[in-house]
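Everything below concerns the one structure shown next.
Residue numbers (this note's numbering): 1 to 421.
As structure tokens, this is what we get:
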């Protein structure tokens, strides 16, 4: 009897363990399934947010400008920039000059005379201190000397040095003409003038043939890649130039150029469907390397091959950013939109209309929305106006009860409209 009870107890214990194992297995399966759902679909709702949507592609572009190279006859002597890189110049304004043949010696003589002139003026301190014009010039020189200590730009340093030299020359001239000891000063100043005259007469100044941006980045393609060459361009030709993307054009020591500062062009070859469907006159945007987005217009299209389309983009802003380059990487933005941004998986169609399901206070509401732009994963949506709802055939009562989508609404992903009233 006792043995039978023991056997029944053992069987009962086994059954209890089996049931426990089954429960554990079921719980484990449930947890695995829940984890799977979380991985597949981390959340079943999305909060409506304000956002931007782009349809864009990254392309390689060739910069084409209306530019004219300017060169003088004494280019072997070396040159000095009068207008700096990127500065604007008016027509016939001097932009750079070539050194004279004996420039180094002449400059050295002028510097030695400046020292002598300064020493001569210091010997007549009583006159210098009483002359208001000289005191004014000295104050200006002192101010420039203070400012020059804070400047790190080499071009700016050269500019300030020239201004200081001019002020010293004016000071010396006044002293030489008015000082009681002026005969010696006059002799020094006259000698300096002669050296300056010889220096300037031997130098060759080059003027701008037209107004525009001054640049010394010359690569030899200025007369090849021009706005007049659109019809001659092809993918094969552009690739044959063997240019390196993003490489800065080297600065010339012999010549400069004037660039049209109002317009610039980018030639690019694209294999996208958007490029194949593009038309002349289409407005797009170009995002440059500094992340600036500038408006652009397609002004020429050529079907380079069955797969490739050659586009010519015209831009009128950000031209200075492209001066240093001939071949660039850029983003071509076909369109962009801003507004209420929602995932495409939150939008469902019913009778050719788009809906989202809003979850608020535990209740679900079907909201009719107008999709203004659709991207790969997200869309920009907005609510319909009353007149638009009338055109769609909605009654006055339905229009009066129309619920609009709003910022920060919580909407359901992959909604089932059959479960929404």
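All C-beta atoms in this analysis are idealised placements derived from N, C-alpha and C, irrespective of residue type, glycine included.
For residue j and residue i, the rounded distance between their alpha carbons
{"i": "residue 70", "j": "residue 206", "result": "8 Å"}
{"i": "residue 358", "j": "residue 412", "result": "6 Å"}
{"i": "residue 327", "j": "residue 246", "result": "6 Å"}
{"i": "residue 221", "j": "residue 270", "result": "23 Å"}
{"i": "residue 253", "j": "residue 82", "result": "13 Å"}
{"i": "residue 89", "j": "residue 209", "result": "10 Å"}
{"i": "residue 241", "j": "residue 233", "result": "11 Å"}
{"i": "residue 60", "j": "residue 243", "result": "11 Å"}
{"i": "residue 262", "j": "residue 415", "result": "52 Å"}
{"i": "residue 228", "j": "residue 257", "result": "18 Å"}
{"i": "residue 230", "j": "residue 292", "result": "26 Å"}
{"i": "residue 48", "j": "residue 368", "result": "14 Å"}
{"i": "residue 417", "j": "residue 264", "result": "52 Å"}
{"i": "residue 391", "j": "residue 407", "result": "26 Å"}
{"i": "residue 42", "j": "residue 355", "result": "Per-residue confidence for residue 42 stands at a pLDDT of 44, beneath the threshold of 50, marking its modelled position as unreliable; no derived number is given."}
{"i": "residue 64", "j": "residue 310", "result": "14 Å"}
{"i": "residue 224", "j": "residue 105", "result": "41 Å"}
{"i": "residue 251", "j": "residue 275", "result": "35 Å"}
Cβ neighbours of residue i in the same chain (closer than 8 Å, five flanking residues each side left out)
{"i": "residue 86", "result": "213, 214, 215, 320 and 323"}
{"i": "residue 419", "result": "364"}
{"i": "residue 52", "result": "336, 337, 338 and 341"}
Top-ranked residue by Cα proximity to residue i, from the options
{"i": "residue 360", "options": "405, 382 and 331", "result": "405"}
{"i": "residue 162", "options": "111, 136, 210 and 209", "result": "111"}
{"i": "residue 248", "options": "297, 219, 284 and 20", "result": "219"}
{"i": "residue 50", "options": "416, 409 and 311", "result": "409"}
{"i": "residue 235", "options": "211, 268 and 258", "result": "268"}
{"i": "residue 301", "options": "314, 293 and 292", "result": "314"}
{"i": "residue 95", "options": "310, 284, 104 and 84", "result": "84"}
{"i": "residue 352", "options": "387, 45, 393 and 312", "result": "393"}
{"i": "residue 279", "options": "23, 298, 289 and 310", "result": "298"}
DSSP three-state assignment for residue i, whether helix, strand or coil
{"i": "residue 96", "result": "strand"}
{"i": "residue 264", "result": "strand"}
{"i": "residue 59", "result": "strand"}
{"i": "residue 428", "result": "Given a span of 1 to 421 for the chain in the structure shown, any question on residue 428 remains unanswerable."}
{"i": "residue 18", "result": "helix"}
{"i": "residue 227", "result": "helix"}
{"i": "residue 305", "result": "coil"}
{"i": "residue 68", "result": "strand"}
{"i": "residue 346", "result": "helix"}
{"i": "residue 326", "result": "coil"}
{"i": "residue 384", "result": "coil"}
Spatial neighbours of residue i in its chain, beta-carbon cut-off 7 Å, leaving aside the 5 residues before and after
{"i": "residue 74", "result": "98 and 204"}
{"i": "residue 255", "result": "69, 70, 71, 75 and 218"}
{"i": "residue 296", "result": "284, 285, 286, 313, 314 and 315"}
Contacts around residue i, its chain only, beta-carbon distance under 6 Å, and the 5 residues preceding and following it disregarded
{"i": "residue 331", "result": "56, 58 and 287"}
{"i": "residue 62", "result": "238, 267 and 327"}
{"i": "residue 381", "result": "340, 342, 369 and 371"}
{"i": "residue 373", "result": "53, 337 and 380"}
Residue i: CB within 6 Å of a non-hydrogen atom of the ligand ADP
{"i": "residue 307", "result": "With respect to the ligand ADP, the structure offers nothing, as it holds no ligand at all."}
Next on the checklist: Does the contact criterion of 3 or more C-beta pairs under 8 Å hold for the segment 342-360 versus the segment 372-389?
Outcome noted: Touching, per the Cβ criterion.
Item to check | contact_flag[the segment 21-32, the segment 303-321] where n(CB pairs < 8 Å) is 3 or more | outcome: No: fewer than three Cβ pairs fall under 8 Å.
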